[in-house]
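Sequential numbering of the sequence shown, starting at 80, is according to the working numbering. Ideal placement from N, C-alpha and C gives every residue a C-beta, glycine not left out. Bear in mind that the values here come from a model prediction, so they are computed numbers and not experimental data.
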Amino acid sequence: MLKRQEGKCNWCQLTFLEDDVIEDDHIIARKAGGNNSLNNRQLLHKHCHDEKTRDDLKAIKAYKQEKEWQKLTKWFDNQNWEWVDDIPTLVVGGRSFSPLSRRL
Ligand SMILES: [Zn+2]
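Shown next as structure tokens:
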């Protein structure tokens with residue numbers, strides 16, 4: 080990995096020095112859906128890694144929200160919807176439930 084990066088930190092682009100603390104980073108954090116392959120790994124200074132981790136946390140949050148959203152839209156897709164009076168209406172057991180209906 081050091082060779083691939085030409086001895087440079089991928090975050091600050093500075094060349095690693097002998098007494099620098101170097102850490103192995105997942106480019107896309109594992110918790111944000113990144114894999115463990117070498118293609119998803121890079122070497123960073125420890126202090127650069129700390130900086131990146133802050134960004135990773137944002138990415139992880141966004142990734143989780145995206146996952147939740149996918150789950151939600153999948154659930155909606157699996158429901159039986161029909162349009163009644165230009166309103167998307169959920170049909171359950173032959174009865175329709177409009178979001179504007181008082182029965183809901
Ligand atoms: Zn660095």
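Cα-Cα separation, residue i to residue j
i      : j      : result
Asn157 : Lys125 : 46 Å
Asn115 : Phe155 : 33 Å
Lys137 : Leu151 : 21 Å
Glu145 : Asn159 : 23 Å
Trp162 : Gly113 : 40 Å
Asp99  : Ala111 : 27 Å
Glu85  : Phe95  : 9 Å
Gly173 : Leu117 : 53 Å
Arg133 : Lys87  : 21 Å
Ile184 : Cys127 : With the chain covering only 80 through 183, there is no way to say anything about residue 184.
Lys153 : Thr168 : 16 Å
Near ligand 1: residue i beta-carbon under 8 Å from a heavy atom
i     : result
Leu81 : no
Under 9 Å between C-beta atoms of residue i and residue j
i      : j      : result
Leu123 : Trp148 : no
Leu81  : Ile101 : yes
Arg120 : Asp103 : yes
Ala108 : Asp129 : no
Original post:
What residues come near ligand 1, if near means a beta carbon less than 6 Å from any of its heavy atoms?
Top reply: Cys88, Trp90, Cys91, Leu93, Leu123, His124, Cys127
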